[in-house]
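Novice: Residue numbers (our numbering): 50 to 743.
Here it is: the structure, laid out below.
Set out below in structure tokens:
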């Protein structure tokens with residue numbers, strides 16, 4: 050729970066505050082004092098009489114009623130202190146900076162639970178333990194630096210790691226990014242990142258609250274809660290970016306040793322973020338760069354003009370923007386010639402607009418004016434302007450400052466000379482601007498933002514899924530597994546066929562049998578060529594259990610006899626052989642997340658290229674289209690070199706139908722449809738397997 054006493058306390062006590070500002074107890078007192086806290090600040094320290102000008106209480110029992118307590122004492126002393134303060138001093142909020150709890154030992158976890166139980170009993174808020182504290186415009190209750198510039202419209206930043214929060218703040222401050230609040234939740238015993246988002250969502254005021262939220266996450270304990278409140282905030286006009294650390298196996302181990310966090314698979318995180326509309330970042334620099342972009346006017350198109358006085362950075366930015374799906378269109382015609390005539394001889398205007406190393410504030414302003422007022426197909430302007438030692442940067446940056454205030458189109462300042470022009474850049478930032486010192490990092494962040502879909506609609510639509518029949522099939526198979534005394538089982542082809550029918554997924558004509566004559570008769574009826582596949586072994590290709598392009602009954606009979614000799618064979622499946630682009634749809638059940646649905650090019654491309662996109666079931670049509678169109682191989686699906694593209698609508702429909710079916714079948718733990726064959730008319734499932742688990 051998050052209450053007023055935590056956010057706007059009228060009185061604060063630091064238990065363990067000291068005069069040594071090189072230790073957490075002294076540093077947190079210093080930061081509260083320097084932050085201009087307007088309430089009453091108290092300190093408890095048995096060995097000091099005065100701490101940083103404040104008269105000290107030697108024992109917490111001597112304290113008058115106090116609203117917020119910050120504990121910087123050994124972990125073993127914290128539970129009793131919390132109980133005393135909550136019970137006798139009416140304390141309703143606690144920030145526990147101390148470490149040595151559940152992140153380290155089982156004994157520490159017991160101490161942590163005692164603290165939580167006390168807070169719950171007395172209705173108190175709890176931040177931590179094992180955190181750097183809480184920083185907002187009312188109190189600076191952290192022991193670390195830097196303390197960023199605080200602004201009501203600055204960024205709200207929530208971190209699962211205290212040290213990482215400091216490093217992210219370091220990255221942000223040099224870019225000019227301002228903050229409204231910084232939350233370090235530590236172990237998150239009571240208040241986790243999801244709870245902070247819930248509070249921000251339920252209390253959001255578009256007139257007074259920050260519209261930008263940045264997250265550093267090590268543990269997603271409640272994916273549904275994160276999804277609901279993040280997407281709700283975004284629909285209200287907020288923008289959210291996040292790093293999720295610990296998605297790999299090694300990262301999971303590192304995160305666990307750090308905070309006791311439970312890592313989740315990368316595909317599940319990717320799917321959750323896409324569904325919520327969260328921009329996913331992978332580094333501190335990327336996160337703070339995205340945060341800076343969020344503070345600028347929204348980008349309403351993909352066409353950039355680059356104004357530069359250095360050719361190389363302009364070329365690198367052009368390459369990076371193009372790679373990310375953004376455009377740097379050629380600028381030509383009478384207006385371009387008009388601009389060129391007014392710039393210095395040798396300048397280029399084709400885009401990038403190179404005003405040369407000798408270009409001054411005058412040429413810079415002129416180029417920006419043409420991009421803003423006369424080049425109608427330009428949506429945004431990137432300005433690269435450092436110091437070649439030939440011009441006065443103060444004048445150039447003042448011009449840039451004025452143009453940012455005047456222009457409707459967003460301007461992205463790239464001021465790379467942080468060493469040789471430090472004072473000039475600092476003055477520019479003090480006027481409330483941000484700076485992107487590296488053009489490629491900016492382009493990467495822009496592409497991440499532009500390629501992040503809007504939040505998916507929360508409603509589940511059944512799309513004609515036969516739920517009663519599905520439940521009946523699952524119930525029957527679970528009973529079979531009980532009889533066979535197994536916990537999981539790959540389903541027989543005929544059962545897989547039935548489940549796909551429940552979702553209305555079209556399938557290639559097929560027959561499974563252990564009778565040769567029955568299969569030959571079926572092949573004659575549907576027409577040759579056909580495909581034969583062994584039934585029984587899971588990996589058919591590995592045991593020679595697949596034969597394509599069978600054109601005669603005699604060939605089919607020989608393949609049947611050969612396959613029935615394969616170890617584990619229980620029958621043979623014969624399918625009509627079709628042609629088309631091979632596609633893939635898969636799904637895996639992730640604990641706490643639900644089913645993660647994957648799509649991509651099928652056949653060998655899945656394992657070799659790993660060009661897949663993920664979504665969290667159930668999926669909307671918008672999500673399905675976004676997944677398909679973000680594939681690296683999407684140009685193949687659209688059609689290339691004279692070949693027709695696939696029926697994208699049918700592919701999206703199958704993804705949506707399958708994801709909806711999975712929403713009602715949590716017993717399905719893994720599912721692969723590989724391949725589906727697609728052409729411009731239809732998409733048909735050829736082969737599928739389903740793993741069921743009780």
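Glycine is no exception: its CB is placed at the ideal position from the N, C-alpha and C atoms.
1. Sorted by chain position, which residues of the same chain lie with C-beta nearer than 8 Å to residue 169's C-beta, five sequence neighbours on each side aside?
2. Along the chain, where does the beta strand (DSSP E) containing residue 461 start, and where does it finish?
3. Is the beta carbon of residue 116 closer than 8 Å to that of residue 811?
4. Tell me the DSSP bridge mates of residue 721?
5. Run through DSSP, which three-state label would residue 557 get?
6. Taking only beta-carbon positions, decide if residue 289 is within less than 8 Å of chain B.
7. From the DSSP output, which residues share a beta bridge with residue 287?
8. Among 489, 717, 692, 341, which one has its Cα closest to the Cα of residue 728?
9. With 16 other CB atoms within 10 Å as the buried threshold, where does residue 377 fall?
10. How about residue 488 and residue 618: are their beta carbons less than 8 Å apart?
11. Reducing DSSP to helix, strand and coil, say where residue 18 ends up.
12. Select from 436, 215, 175 the residue whose C-alpha is nearest the C-alpha of residue 192.
13. Expressed to the nearest angstrom, what Euclidean distance is found between the alpha-carbon atoms of residue 614 and residue 579?
14. Does residue 208 come out as helix, strand or coil in the three-state DSSP assignment?
15. Per the DSSP calculation, residue 352 is bridged to which residue(s)?
16. Count the other C-beta atoms from every protein chain shown that fall within 10 angstroms of the C-beta of residue 658, then say buried if there are 16 or more, exposed otherwise.
17. Might you give, ordered along the chain, the residues of its own chain that have their beta carbon closer than 7 Å to the beta carbon of residue 594, omitting 5 neighbours on each side?
18. Just the C-alpha distance for residue 541 and residue 560, rounded to the nearest angstrom, thanks.
19. Pairs of beta-carbons, one from the region 590-610 and one from the region 683-698, closer than 8 Å: are there three or more?
20. Looking at the strands, I want to know which residues DSSP matches up with residue 101.
21. Three-state secondary structure (DSSP) at residue 727?
22. Going by C-alpha to C-alpha distance, which of 577, 225, 142 sits closest to residue 473?
23. Using 8 Å for Cβ pairs, my map puts residue 514 next to residue 716. What's the rounded Cβ distance?
24. Residue 359 and residue 380 - do their beta-carbons sit closer together than 8 Å?
25. Return the first residue and the last residue of the alpha helix (DSSP H) that residue 169 is part of.
26. Expressed to the nearest angstrom, what Euclidean distance is found between the alpha-carbon atoms of residue 302 and residue 208?
27. Using only the heavy atoms of the ligand ADP, determine whether one of them is closer than 7 Å to the beta carbon of residue 452.
28. Please check the pair residue 697 and residue 677, which I expect to be a contact at CB under 8 Å, by giving their CB distance rounded to whole angstroms.
29. DSSP beta-bridge partners for residue 265?
30. Please identify the residue among 252, 461, 647, 407 whose C-alpha is closest to the C-alpha of residue 319.
31. Under three-state DSSP, which class holds residue 229?
32. At what residues does the beta strand (DSSP E) containing residue 174 begin and finish?
33. Have a look at 623, 549, 166, 371 and flag the residue whose alpha-carbon is nearest the alpha-carbon of residue 354.
34. Applying the 10 Å Cβ sphere with the 16-neighbour rule, what's the burial state of residue 730?
35. If I follow the unbroken beta strand (DSSP E) through residue 190, where does it start and stop?
36. Compute the distance between the beta-carbons of residue 280 and residue 325, then report whether it is under 8 Å.
Specialist: So, from the data block:
1. 239
2. 460-463
3. There is no way to answer for residue 811, as the model of the chain reaches only from 50 to 743.
4. 635, 738
5. coil
6. Among the chains of the structure shown, chain B does not appear; only one protein chain is present.
7. Bridge partners of residue 287: none, in fact.
8. 692
9. buried
10. no
11. The question about residue 18 has no answer, for the chain in this structure spans 50 to 743.
12. 215
13. 20 Å
14. strand
15. 376
16. exposed
17. 582, 583, 586, 612, 615
18. 12 Å
19. no
20. In DSSP, residue 101 forms no bridge with anything.
21. strand
22. 225
23. Actually they are not in contact, since the Cβ atoms of residue 514 and residue 716 sit about 16 Å apart, beyond 8 Å.
24. no
25. 155-171
26. Low local confidence applies: a pLDDT of 46 at residue 302 is under 50, so the model's placement there is unreliable, and no value is given.
27. The model depicted lacks the ligand ADP and carries no ligand whatsoever.
28. 6 Å
29. 208, 292
30. 647
31. strand
32. 174-176
33. 371
34. exposed
35. 189-191
36. yes
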